[in-house]
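Reading through the structure tokens given below for one structure.
Protein chains in written order, with my numbering: chain A, 1 to 333; chain B, 334 to 619.
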């Protein structure tokens, strides 16, 4: 019990520290005083125009990835599940690839189009994620009225592979500069700002509220859908809410930072290790850990080869995998 | 059986799976305080019958027929206030929300495992979900869990991790979760399977005592007919649907163990010859 309270206090503190670090560090350093509103004009411009929107964007994406990973693992009672397994991330990538290759989409970047506010790549990624989510759900639901969760995971994995192959095919058959789309696929927050933040605010808020709504009955899924239904859970309704919150979370996440994998997978496992398996602690603390992990990764990505920048998605794996393996192999408590 | 005292009725139940008939014209009733064991050969549809009665059949199963329980005047008077109505109501289980069903009927699947390693207390607490508002468990819920733990002599396991329990202990913890639902009827699918020769009768005796003490109506699928004959108040024999296809024969056989467990009935149900012997020590139980 004492250990539980320790981790419950320490994890929000860790998050606050990573937010402050993320605001301070980068190609151009900002003093701690500036973070608390005491900086000079130059520092304030960096802080308000560059750092703050980006840090908020990373924070929200981390919350979404961590939370949706926890919700998916609980609902599908599968320690490998995350929204990416439904093929949503690959769908988003396909959307982004189409946007960067087909000439018509890029024309939107011109003044007056939607592209003036948000890049067409991100817009198409968002659309791709939503369409992929709807498609895989309707496909799994089409058989006999009710869908089985296993069918959903199978269809999702298969469709995800299909989308990835289509993306690779499109990229290899066109003779364009691949650098920008490549960093996008690896997951990067480079050059994102207030516009992207405003765009994902609504879907993110809806998704996070849904995560809290679904979290309590999710514990009862531990013995499968039948057993949960017999205990009084309306499983069919719950499934729709879970899928909706996952699709929104991933769409918003890829729109903000491309396809960042792994955070949704490991954040819940880390929390489960320290705080136990109960959904009412697992879901919110997975959000906190997801955000902390992504903030630290993004900060590292900005300072390692400053003034250049690495994709945050790479750092997530480099930082996360050793930590994760050490935890897993360290034996159960 | 006298129809007017029956509390949980299944009538004209048919179930088909991919055009194969699993259950044919099943009629049965459960009454509180009676421990009924469901016996039949593999594939006769014991699990199917229990899952249909619990309201959680397989999605591909096509079910026709009527499953109702009687909601007594007691629970109605709670909702209607000072004027207790004289008549009780029969309720079709397919028409009520799952929460309401879970407060009346508890169902234990065969060989269920838990993916996550809850403590015994937290796991049993899940049985209280149907009584909570949005899953917020109250102090009352916790004390009901403590009461069930004490009833089943599981109190020392309260803080244990369920993955650290033996098969028999976990089976008891699952039973505790079902009892925490404070149901009126228990539907159990092979509650004593995979247990050793000592634990199997121990669990059956525990079930029998609990059923009588708490006045529950219980239908339990038990594959071991000797075990069923030894502990059950009544036996329900379920022959495969294919064996009764001519329609004239009975779809279920129901009665006390001494009446129902004879060579004719067992041959009819299982399709093979049996030899029945009376064992002195079991006489008192029957």
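All residues carry an ideal CB built from backbone N, CA and C; glycine is no exception. Since this is a predicted model, take the numbers as computed values, not measurements.
- Residue pairing by DSSP places residue 424 (chain B) opposite B:402 in a beta bridge.
- The DSSP-derived three-state label of residue 584 (chain B) is coil.
- A Cβ of chain B is located within less than 7 Å of the beta carbon of residue 229 (chain A).
- When the Cα atoms are used, residue 539 (chain B) and residue 150 (chain A) turn out to be separated by approximately 36 Å.
- Counting only runs of at least 4 residues, the segment 452-479 of chain B fully encloses the following alpha helix (DSSP H) elements, listed from N- to C-terminal order: 453-458.
- With the rule of 3 Cβ pairs closer than 8 Å, the segment 531-546 of chain B counts as touching the segment 366-383 of chain B.
- Boundaries of the alpha helix (DSSP H) harbouring residue 532 (chain B): 532-547, taken from the DSSP string.
- Ranked by how close their Cα comes to the Cα of residue 284 (chain A), the residues A:231, A:212, A:22 have A:212 in first place.
- In terms of beta-carbon proximity, residue 523 (chain B) stays away from the interface with chain A, with every pair separated by 7 Å or more.
- Cβ contact annotation for residue 233 (chain A) (same chain, cutoff 8 Å, sequence separation greater than five): 217, 220, 221, in chain order.
- DSSP places residue 370 (chain B) inside the beta strand (DSSP E), whose first and last residues are 368-372.
- Taking C-beta atoms as the reference points, residue 22 (chain A) and residue 299 (chain A) count as a pair closer than 7 Å.
- By the neighbour-count criterion, in which 16 or more other beta carbons inside 10 Å mark a residue as buried, residue 488 (chain B) falls on the exposed side.
- Residue 264 (chain A) carries a helical assignment under DSSP once its states are collapsed to helix, strand and coil.
- A direct Cα-to-Cα measurement between residue 422 (chain B) and residue 518 (chain B) gives close to 16 Å.
- Shown here for residue 12 (chain A): same chain residues with a beta carbon closer than 7 Å to its own, the five before and five after excluded, namely 288 in chain order.
- In the structure shown, the three-state DSSP call for residue 377 (chain B) is coil.
- Taking 8 Å as the upper bound for CB-CB distance, residue 159 (chain A) and residue 132 (chain A) are in contact here, some 7 Å apart.
- Taking CB atoms only, residue 220 (chain A) has a neighbour in chain B less than 7 Å away.
- Of the other Cβ atoms in all chains shown, fewer than 16 fall within 10 Å of the Cβ of residue 609 (chain B); this residue is therefore exposed.
- Chain-ordered listing is empty here: chain B has no CB closer than 7 Å to the CB of residue 2 (chain A), the nearest sitting near 14 Å.
- Looking at the backbone, the Cα of residue 575 (chain B) and that of residue 354 (chain B) are separated by about 8 Å.
- CA-to-CA, the gap between residue 584 (chain B) and residue 379 (chain B) works out to about 13 Å.
- The residue among B:506, B:501, B:521 with its C-alpha nearest the C-alpha of residue 535 (chain B) is B:501.
- Only those residues of the segment 457-490 of chain B whose C-beta falls short of 7 Å from the nearest C-beta of chain A are listed: 459, 460, 462, 463, 467, 468.
- Ranked by Cα distance from residue 593 (chain B), the first of B:604, B:569, B:606, B:607 is B:569.
- When only Cα atoms are considered, residue 599 (chain B) and residue 395 (chain B) end up about 28 Å apart.
- Secondary structure within the segment 204-255 of chain A: the alpha helix (DSSP H) runs of 4 or more consecutive residues, fully enclosed, are 225-230 (chain order).
- For the set B:441, B:357, B:453, the Cα lying nearest the Cα of residue 506 (chain B) is the one of B:453.
- In the DSSP annotation of this structure, the continuous segment of the beta strand (DSSP E) that includes residue 348 (chain B) starts and ends at 341-350.
- Residue 397 (chain B) sits in a strand when the DSSP states are folded into three classes.
- In the structure shown, the three-state DSSP call for residue 518 (chain B) is strand.
- For residue 237 (chain A), not one C-beta of chain B is nearer than 7 Å to its own C-beta.
- Put simply, the CB of residue 217 (chain A) is near chain B, with a gap under 7 Å to one of its CB atoms.
- An exposed status is given to residue 9 (chain A), since fewer than 16 other beta-carbon atoms sit within 10 Å of its beta-carbon.
- For residue 320 (chain A), the enclosing alpha helix (DSSP H) stretches over residues 312-329.
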